[in-house]
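Participant: Positions 2 to 208 (the numbering used here) are the ones given, in order, by the sequence shown.
So that we are looking at the same thing, I have put the structure below in structure tokens.
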Amino acid sequence: MAKETASKVYSFDGNQVAVKSISPWDVDDNSGWTILSGGAEGEEKTASAYFARVPWLRRGVSLIATGVSGMPFTITAYNGDKELDNSDNYQNVVKFLPNPNSLFWLMAASRQLTGRAYLFKLRNSTITKQLRYRVPTSIKPKWKDDGELASFLRTYTNQNGNTEDKTLKIEDVVYSWIADPYVEIGPPSNYPAKTALAASGVLFNLD
């Protein structure tokens with residue numbers, strides 16, 4: 002039986018300005034390759050850039066968020082004795098939650114991508130009138146000297162294009178942080194998208 006043996010294999014790197022070929026067996030010469038790693042350049046890419054450009058990361062986050070937003074729910078009175086509304090025939094009885102599925106989707110996606118989610122309560126002295134989603138990277142918790150949560154700092158761009166800071170009271174913010182065994186209180190250091198960033202970065206650069 003005849004035996005065929007490849008005598009030479011060439012690899013081409015699309016990043017080269019001129020077409021250049023090298024043998025992959027010449028391990029001492031990597032001049033034809035662009036090295037992809039988790040170095041400084043990769044770390045400068047944000048989860049938001051990966052979410053926009055890496056299909057499998059976006060798909061994974063969307064699957065989880067869609068699953069959460071589609072879960073059935075019931076809204077009951079404060080004491081729990083009376084059902085006010087439910088997902089089967091939603092009527093927005095509470096008035097401040099016109100599109101709960103969209104809000105749940107945003108919160109679930111935010112938790113996957115940043116480990117945290119924030120809603121701002123628009124209210125008078127006694128009644129919540131609206132819940133508004135806030136981009137998680139625009140809000141930072143502020144702490145008391147004893148380590149307890151004191152307030153939140155919201156950074157935003159005003160109508161004139163200038164950056165402003167606004168302090169938010171704890172009671173005006175609905176906040177949700179993914180649990181992290183390395184954090185006692187506050188936003189997590191570890192969250193799903195951060196775990197996936199290394200693989201996402203390779204695909205981002207390959208694209």
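Backbone N, C-alpha and C fix where the C-beta goes; we use that ideal spot for every residue, glycine too.
Buried or exposed: which applies to W106, given that a residue is buried once 16 or more other Cβ atoms fall within 10 Å of its Cβ?
Facilitator: It is buried - the Cβ of W106 has at least 16 other Cβ atoms within 10 Å.
Participant: Between which two residues does the alpha helix (DSSP H) holding I65 run?
Facilitator: Residues 56 to 70.
Participant: Name the DSSP bridge partner or partners of D146?
Facilitator: For D146, which the question treats as bridged, DSSP gives no partner whatsoever.
Participant: So Y192 and G116 are supposed to be a Cβ contact under 8 Å. How far apart are they, rounded?
Facilitator: 3 Å between Cβ atoms; contact.
Participant: So which of S126, K141, Q131 has the shortest CA-CA distance to V94?
Facilitator: Out of S126, K141, Q131, Q131 has the C-alpha closest to the C-alpha of V94.
Participant: Which of the three DSSP states is assigned to S111 in this structure?
Facilitator: Of the three classes helix, strand and coil, the one that applies to S111 here is helix, per DSSP.
Participant: Ends of the beta strand (DSSP E) at L123?
Facilitator: Residues 117 to 124.
Participant: Quick one: what's got a C-beta closer than 7 Å to T129's C-beta in the same chain, skipping five residues either side?
Facilitator: Hits under 7 Å: F97, K122.
Participant: Would you call the stretch 152 to 166 and the stretch 135 to 144 in contact, with 3 or more CB pairs under 8 Å?
Facilitator: At 8 Å Cβ cutoff, the stretches touch.
Participant: My output table needs one value for Y157: the three-state DSSP class, helix, strand or coil.
Facilitator: In this structure, Y157 counts as strand in the three-state DSSP scheme.
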